[in-house]
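Below is one structure; the comments refer to it alone.
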């Protein structure tokens, strides 16, 4: 039906109609209560516990990574606290063969997909050995160029489709990423080729310091899928069950040949953009932080699981201890990695033979290094 | 043996590799039923079907991303950039992502991607279509940049590019597409990447060049022969990496050289060639190594391009300067 105001076509109304379709899906509210029984995935207890394990583990990893960074024992680090539900409940629905194209904050998903922790630490330190992905692990190292992973996801999805493989590609960006041309191109290609892809926008409200409202006139980021003909949904990104359900459904549609889905997860990053000098007090107040912390994914999930009688303080302590132990081990392992040499870089430039110009330089550097 | 134009030889190479390896995919804007705006992919969509040869939405960066994703899932993509003047739209995919794939993953993932594009000028395209941007990609470590100047070379080099496990930029000079025919074998053959070809032997002066300037240089060499100068013409064929051995051998024989490119003086790769010669063979030189290039302006509007592009006369004049130094 054409949107009209009197006897005139009304584009404002047309937009409002679309925007009204993107109310936020929530299943588990801030108090840890199921508020939408129809959508409750009714996960078995052991799966609920496993999801909690992963979120607690990741919160500890975040805290330890920040302090390791301050001690100079880690390099580049983008804090994840506040985004555990968004990251881990979406990864949780994946099968081993599914491919993850991450942004730079998406290390936790890669870890639970199989990336060894010491490799993540090596990557953080700026050692190439961290990115030599183990065979059979379908991940790409964290993308740095915002949006590049979106166009690449369309390609991985098309590859799966051409092979007739029942797998999906999942990719992540943030609210700022949705302003990139590549965001639209990736989504549009995926829709046009109807590929098995899941595009996640982790709307953590800030692109470094720039608020989401500065990025776009669009009322929601999820609605950006509409223009590309891609089914889209906005979920409470601090509600692990809502994220789980949205991703599970998206995956199901994808492997059934019904094409891509765009998911906006409404969340918040408690920490700075990265540990490289970002100071959030310059662009947001502690009141805002406090408001968001009331919606914390771990707090609400803990309340929910405790009420079900399947989670205890002791259990949580055990996860925390295990996390600390594994982090310590991984740091030790990363420390044991030989230092990089200039000749290493020359050797990993090409799959095929080292070309003449580079070989000459390689020989010269090898001479220097042997002295 | 069939006499083919360069564009027919290119189509032939694409067909050969689509046939020989089922992982080869060919895609870009209008490359399907339309056969490409220059008809480089004529008939391939019909022969190999939508699965192997297909149109994409109109977005160069998307095409680059598609190639990367397909490479990550085991395919051997051939992506077309409709005109190399549109390179800027896909620069991150090309230089930021494809060129660095092997490096960034320590060799775990590679990018066996061929990026084909028409380039150069002289065929009166609308603005922003014609340009000589090869220097931009040649300066990006990780990319091999190939520019054929004959139908025979085009087929053999394109086959090598497609078979390469590393990314190759394959630039097809628009003016050469249909400018002459040459015998091209029907069977699969390859010409190694990174190897120049001496297109004409001589002993008084070396002209190092590539692309459409090869034909102009050969014309200049013929004109100079009438004045009893014997001129050698080296067609680089691959501009990155440079075949330094062939260049230096020639210069050590002739003791004089000029470098000719259609690109502007500040662009292209002529300055690199001069630097390599001076570093490696300065004691063989009887004269400075000079360059023939287009001037340092933006690529001109169509009606003015022929006054801007270097030609055989410019080349002969510069050669004389060096020969009589």
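Residue numbers (this note's numbering), protein chains in the order written: chain A, 1 to 371; chain B, 372 to 696. Just so you know, even glycine gets a beta-carbon here, dropped at the ideal spot from N, CA and C.
Quick one: list the residues of chain B neighbouring residue i, beta-carbon separation under 8 Å, in chain order.
| i | result |
| --- | --- |
| residue 189 of chain A | 427, 428, 430, 433, 436, 437 |
| residue 357 of chain A | 612, 613, 615 |
| residue 186 of chain A | 433, 436 |
| residue 131 of chain A | 475, 476, 477, 479 |
| residue 141 of chain A | 475, 476 |
Give the single residue among the options whose Cα lies nearest to the Cα of residue i.
| i | options | result |
| --- | --- | --- |
| residue 23 of chain A | A:228, A:63, A:265 | A:265 |
| residue 272 of chain A | A:51, A:105, A:55 | A:105 |
| residue 324 of chain A | A:33, A:6, A:68 | A:68 |
| residue 606 of chain B | B:467, B:583, B:675, B:427 | B:583 |
| residue 191 of chain A | A:327, A:258, A:336 | A:258 |
| residue 595 of chain B | B:458, B:522, B:693 | B:693 |
| residue 536 of chain B | A:354, A:367, A:366 | A:354 |
| residue 382 of chain A | A:332, A:239, A:318, A:199 | Chain A is shown only over 1 to 371; residue 382 of chain A falls outside these bounds and no answer can be derived. |
| residue 205 of chain A | A:129, A:345, A:288 | A:288 |
| residue 20 of chain A | A:220, A:277, A:335, A:274 | A:220 |
| residue 267 of chain A | A:278, A:295, A:245 | A:295 |
| residue 528 of chain B | B:566, B:514, B:393 | B:566 |
| residue 379 of chain B | B:392, B:661, B:525, B:598 | B:525 |
| residue 474 of chain B | A:170, A:51, A:347, A:321 | A:347 |
| residue 418 of chain B | B:374, B:429, B:404, B:428 | B:404 |
| residue 175 of chain A | A:237, A:138, A:155 | A:237 |
| residue 241 of chain A | A:305, A:290, A:279, A:185 | A:305 |
| residue 627 of chain B | B:586, B:608, B:643, B:655 | B:655 |
| residue 28 of chain A | A:274, A:243, A:280, A:256 | A:243 |
| residue 600 of chain B | B:608, B:573, B:624 | B:573 |
| residue 137 of chain A | A:99, A:254, A:283, A:328 | A:99 |
| residue 55 of chain A | A:91, A:169, A:351, A:260 | A:91 |
| residue 117 of chain A | A:70, A:163, A:97, A:57 | A:57 |
| residue 470 of chain B | B:511, B:456, B:569, B:503 | B:511 |
| residue 602 of chain B | B:665, B:686, B:455, B:614 | B:686 |
In chain A, which residues lie with their C-beta within 8 Å of the C-beta of residue i?
| i | result |
| --- | --- |
| residue 468 of chain B | 145, 148, 152 |
| residue 649 of chain B | Correct list: empty, because the minimum Cβ distance to chain A is about 16 Å. |
| residue 513 of chain B | 349, 350 |
| residue 703 of chain B | Nothing can be reported for residue 703 of chain B, as the shown portion of chain B is limited to 372 through 696. |
Please go through the same chain and pick out, in chain order, the residues whose beta-carbon is closer than 6 Å to the beta-carbon of residue i, but skip the five residues on each side of it.
| i | result |
| --- | --- |
| residue 93 of chain A | 247, 248, 251 |
| residue 580 of chain B | 588, 631 |
| residue 225 of chain A | 232, 262 |
| residue 125 of chain A | 75 |
| residue 103 of chain A | 143, 172, 173 |
Name the chain B residues that come within less than 7 Å of residue i, Cβ to Cβ?
| i | result |
| --- | --- |
| residue 158 of chain A | 437, 440, 441 |
| residue 128 of chain A | 477 |
| residue 199 of chain A | In chain order: nothing, as chain B lies at least about 13 Å away. |
| residue 192 of chain A | 428 |
So, at 7 Å on beta carbons, what are the nonlocal neighbours of residue i in its own chain, with the 5 sequence-adjacent residues on each side left out?
| i | result |
| --- | --- |
| residue 531 of chain B | 561, 562, 563, 564 |
| residue 188 of chain A | 228 |
| residue 408 of chain B | 401, 453 |
Quick one: list the residues of chain A neighbouring residue i, beta-carbon separation under 9 Å, in chain order.
| i | result |
| --- | --- |
| residue 536 of chain B | 350, 351, 352 |
| residue 422 of chain B | 162 |
| residue 464 of chain B | 148, 151, 152, 182 |
Who are the Cβ neighbours of residue i in its own chain at under 8 Å, not counting the five residues just before and after it?
| i | result |
| --- | --- |
| residue 452 of chain B | 399, 431, 434, 458, 461, 486, 487, 488 |
| residue 13 of chain A | 3, 4, 5 |
| residue 498 of chain B | 670, 672, 673 |
| residue 177 of chain A | 103, 146, 147, 150, 183, 201, 207 |
Please list the partners that residue i has in chain B, where partner means a Cβ-to-Cβ separation under 9 Å.
| i | result |
| --- | --- |
| residue 326 of chain A | Here the premise fails: no neighbours, minimum Cβ distance about 23 Å. |
If the cut is a Cβ gap below 7 Å, which residues of chain A does residue i touch?
| i | result |
| --- | --- |
| residue 403 of chain B | Within chain A, no residue comes near residue 403 of chain B; the closest Cβ sits about 13 Å away, beyond 7 Å. |
| residue 639 of chain B | Chain A residues near residue 639 of chain B: none, gap ~17 Å exceeds 7 Å. |
Mind checking whether the beta-carbon of residue i lies closer than 8 Å to any heavy atom of the ligand MG?
| i | result |
| --- | --- |
| residue 348 of chain A | In terms of ligand content, the structure shown is empty, and the ligand MG therefore cannot be addressed. |
Task: Inside the region 421–461 of chain B only - beta strand (DSSP E) runs reaching at least 3 residues - done: 424–426, 447–451
Task: Continuous alpha helix (DSSP H) assignments of at least 4 residues falling wholly in the region 59–133 of chain A - done: The qualifying runs are 107–113, 117–125.
Open item on the list: Tell me whether the region 407–414 of chain B and the region 346–363 of chain A touch, counting them as touching only if at least three CB pairs, one residue from each stretch, are closer than 8 Å.
Closed with: no
Task: Runs of beta strand (DSSP E) lying entirely within the region 240–305 of chain A, each at least 3 residues, in chain order - done: With a minimum length of 3 residues, the continuous beta strand (DSSP E) runs that stay inside the region 240–305 of chain A are 261–266.
Task: Secondary structure, beta strand (DSSP E): runs of 3+ residues fully inside the region 149–188 of chain A - done: 169–174
Open item on the list: Measuring CB atoms only, is the region 2–10 of chain A touching the region 205–213 of chain A, in the sense that at least three cross pairs come out at less than 8 Å?
Closed with: Contact fails: fewer than three Cβ-Cβ distances are below 8 Å.
TODO: Check whether the region 146–156 of chain A touches the region 170–184 of chain A, taking contact to mean three or more Cβ pairs, one atom from each stretch, closer than 8 Å.
DONE: yes
TODO: Spell out a yes or no on whether the region 640–656 of chain B and the region 679–692 of chain B are touching, meaning 3 or more CB-CB pairs, one atom from each, closer than 8 Å.
DONE: no
Task: Given 8 Å, three or more beta-carbon pairs between the region 422–430 of chain B and the region 465–478 of chain B - done: Flag = no, the region 422–430 of chain B and the region 465–478 of chain B do not touch.
- [ ] Flag this pair as touching only if the region 51–67 of chain A and the region 75–90 of chain A have three or more C-beta atom pairs under 8 Å; answer yes or no.
- [x] yes
- [ ] Go through the region 601–628 of chain B residue by residue and report every complete run of the alpha helix (DSSP H) that reaches 4 residues or more, in order.
- [x] 615–625
Open item on the list: Pairs of beta-carbons, one from the region 360–370 of chain A and one from the region 330–344 of chain A, closer than 8 Å: are there three or more?
Closed with: These segments touch.
Task: Inter-stretch contact (C-beta, 8 Å, three-pair minimum) for the region 303–319 of chain A and the region 436–447 of chain B - done: no
TODO: Enumerate, from N- to C-terminal direction, the unbroken beta strand (DSSP E) stretches of 3 or more residues contained entirely within the region 201–226 of chain A.
DONE: none
Open item on the list: Quick check: the region 516–523 of chain B against the region 539–548 of chain B, are at least 3 beta-carbon pairs closer than 8 Å?
Closed with: yes
- [ ] Jot down the residue ranges of each uninterrupted beta strand (DSSP E) in the region 651–696 of chain B, minimum 3 residues, whole runs only, in chain order.
- [x] Runs found: 661–665.
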